[in-house]
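Visitor: First, the structure itself, so that you have it in front of you.
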Amino acid sequence: MDDTRTRIIRAAMAAVRRYGLEGVRIQNVSEFAGITPGAIYRHFESKEQLLTECFTFVDKQAAEIFEHLKWDPLVMLTDPMEAVKELWLPYFRFWIAHPDETVFYHRFRDSAIFPQYGKGRDVSYFGTFSGMVRAFMKTFPRLKQIDQTLLWLHILTSTVMYAKYVVEGVLPNSRQTEDTVFQLLSTGLSGYLKPDGGKTGGRDAESREAG
Numbered sequence: 246m247d248d249t250r251t252r253i254i255r256a257a258m259a260a261v262r263r264y265g266l267e268g269v270r271i272q273n274v275s276e277f278a279g280i281t282p283g284a285i286y287r288h289f290e291s292k293e294q295l296l297t298e299c300f301t302f303v304d305k306q307a308a309e310i311f312e313h314l315k316w317d318p319l320v321m322l323t324d325p326m327e328a329v330k331e332l333w334l335p336y337f338r339f340w341i342a343h344p345d346e347t348v349f350y351h352r353f354r355d356s357a358i359f360p361q362y363g364k365g366r367d368v369s370y371f372g373t374f375s376g377m378v379r380a381f382m383k384t385f386p387r388l389k390q391i392d393q394t395l396l397w398l399h400i401l402t403s404t405v406m407y408a409k410y411v412v413e414g415v416l417p418n419s420r421q422t423e424d425t426v427f428q429l430l431s432t433g434l435s436g437y438l439k440p441d442g443g444k445t446g447g448r449d450a451e452s453r454e455a456g
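Mapped onto my numbering, the consecutive letters of the sequence shown carry residue numbers 246 to 456.
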């Protein structure tokens, strides 16, 4: 993506953060980008196209987190919840570090534009993350009992929502916030993070044997 296009996209997200998704205008974006409205229309046909490309831009950034993540699958057996946290924490911190993206993403997913956009949405760039999810499903078949759409929406929506509260100053940006949000998100998952036969991960098994 060329520099001007990226500049416009970042300006659009900053403008949405200030004016809202419905209230933002191309003129607002041009002011944030420091270019004329006409220059924006040379790259994007409409405000709606610009907003959908903003979403794709952020989506790909979020997916890239998992491309560079050093993650040990063996932790799934020794400490399943820690394995989940190793994947979730960099994702949560990404949103905290990108305030404009977080507010925009939250608003766009809640908008009237998203349902239609979502039908044809390309999520192939989440390939690495999907592979990690498949590893969890293989190790913990009970996870398949959960409606997968519901599970992903719970994790995604809650993560972005709490991150939005942090960037807006409602919640402190602290380790305590991270730990508390993770506990809220993961409550109920522990019952599904058990291999076949109902045996839990290594630490639980060792505790029973020691008892």
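Yeah, the Cβ is synthetic: ideal placement off N, Cα and C, and Gly gets one too.
1. What is the DSSP secondary structure of P440, counted as helix, strand or coil?
2. Answer yes if the segment 426-443 comes into contact with the segment 319-329, meaning at least three C-beta pairs across the two stretches below 8 Å, and no otherwise.
3. In this structure, does DSSP put W220 in helix, strand or coil?
4. By a C-beta neighbour count over all protein chains shown, 10 Å radius and 16 as the cutoff for buried, is G446 buried or exposed?
5. Considering only C-alpha positions, which residue in the set Q294, A380, Y264, D304 is nearest to W316?
6. So F385 and F311 are in contact, right, with Cβ under 8 Å, and what is the actual spacing, rounded?
7. As a quick exercise: from S356, T297, I253, pick the residue whose alpha carbon is nearest that of G365.
8. In the DSSP assignment, find the unbroken alpha helix (DSSP H) run with G265 in it and report its ends.
9. Taking the alpha helix (DSSP H) that K364 belongs to, which residues open and close that run?
10. Residue range of the alpha helix (DSSP H) that H313 falls in?
11. Closest by CA to I400, which one among L319, F337, E290?
12. Short check: CB of M258 to CB of F349, under 8 Å?
13. Quick one: Cα of R263 to Cα of L314, how far?
14. Just the Cα atoms here: how many angstroms apart are P325 and F289?
15. Can you name the start and end residues of the alpha helix (DSSP H) that V415 belongs to?
16. Are there 16 or more other CB atoms within 10 angstroms of the CB of R352, so buried, or fewer, so exposed?
17. Return the Cβ separation of A284 and N273 in integer angstroms, given the expectation that the two are a contact with Cβ distance under 8 Å.
Guide: Well, looking at it:
1. Residue state, collapsed to three classes: coil.
2. Because the criterion of three Cβ pairs below 8 Å is met, the segment 319-329 and the segment 426-443 touch.
3. Beyond the ends of the chain as shown, which are 246 and 456, falls residue 220; an answer cannot be given.
4. For G446, the pLDDT reaches just 44, beneath the cut-off of 50, and the residue's location in the model is therefore unreliable, leaving the point undetermined.
5. Closest by alpha carbon: A380.
6. Not really, about 19 Å apart at Cβ, beyond 8 Å.
7. The shortest Cα separation from G365 among S356, T297, I253 belongs to T297.
8. Per DSSP, G265 belongs to no alpha helix (DSSP H) and is neither H nor E.
9. In the DSSP assignment, K364 falls within the unbroken alpha helix (DSSP H) covering 359-364.
10. From DSSP, H313 is part of no alpha helix (DSSP H); its letter is neither H nor E.
11. With distances taken between Cα atoms, I400 lies closest to F337.
12. Their beta carbons are under 8 Å apart, which means M258 touches F349 by this criterion.
13. Between R263 and L314, the C-alpha separation is close to 32 Å.
14. Looking at the backbone, the Cα of P325 and that of F289 are separated by about 45 Å.
15. In the DSSP assignment, V415 falls outside any alpha helix (DSSP H), carrying neither H nor E.
16. Classification for R352: buried.
17. The pair is not a contact, with the Cβ atoms about 14 Å apart (cut-off 8 Å).
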